[in-house]
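Asks: At the far end of the sequence shown sits residue 111, using UniProt numbering, and the numbering has no gaps.
We put the beta carbon where it would ideally sit given N, CA and C, even for glycine.
Supplied in structure tokens, the structure appears directly below.
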Amino acid sequence: MGLTQIDNLEAGMTLASDVHDRTGRLLLGAGVELSQKHLVVLRTWGVMEVNIVGMEDDDPNSHLPAEITHEQLDAAMASLEPLFGNSDLQHPVMRELLRLAALRKATHELC
1 MGLTQIDNLE AGMTLASDVH DRTGRLLLGA GVELSQKHLV VLRTWGVMEV NIVGMEDDDP
61 NSHLPAEITH EQLDAAMASL EPLFGNSDLQ HPVMRELLRL AALRKATHEL C
């Protein structure tokens, strides 16, 4: 199982653990197969990521847009790392900011 960003979720994926809102209220239980309605509910309640069965935590690039390759994303991340030089890239928020910035950079370089 692995944490998957809400933007990478698709109908048919199965939750590996319970999903709670910011206040701790249970939204969906482990084992639920996601539908389009579930995806809307998760976004509505501000859920950013969930554990999905069969996904690995180790590869944050496992779900890239079709037009971006892993090599393009890696190159964009490498070019942006100096801008994050004073940041703790082991912190999940900073790591995610770098990933999002690299995705944006890689996408705009295609245009």
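Which runs of the alpha helix (DSSP H) spanning at least 4 residues fall entirely within the region 4-45, listed in chain order?
Replies: 36-44
Asks: Quick one, which of G46, I52, E71 has its alpha-carbon nearest G29's?
Replies: Along the sequence shown, read from residue 1 onward, the residue named residue 29 stands at position 29. Selected option, being the one with the closest Cα: I52.
Asks: Comparing alpha-carbon positions, which option in Q90, T23, L39 lies nearest M13?
Replies: Numbered from its first residue, the sequence shown carries residue 13 at position 13. Residue L39 is the option with its Cα nearest to M13.
Asks: Assuming the contact rule is C-beta atoms closer than 8 Å, M77 and L98 should be a hit. Round their C-beta distance to whole Å, please.
Replies: Taking the first residue of the sequence shown as 1, we reach residue 77 at position 77. Taking the first residue of the sequence shown as 1, we reach residue 98 at position 98. About 6 Å; that satisfies the 8 Å criterion.
Asks: Look at the alpha carbon of V41 and the alpha carbon of S17, and state the distance between them as a whole number of angstroms.
Replies: Position 41 of the sequence shown, counted from the start, is the residue given in the question as residue 41. Position 17 of the sequence shown, counted from the start, is the residue given in the question as residue 17. In this structure, the straight-line span from the alpha carbon of V41 to that of S17 is close to 16 Å.
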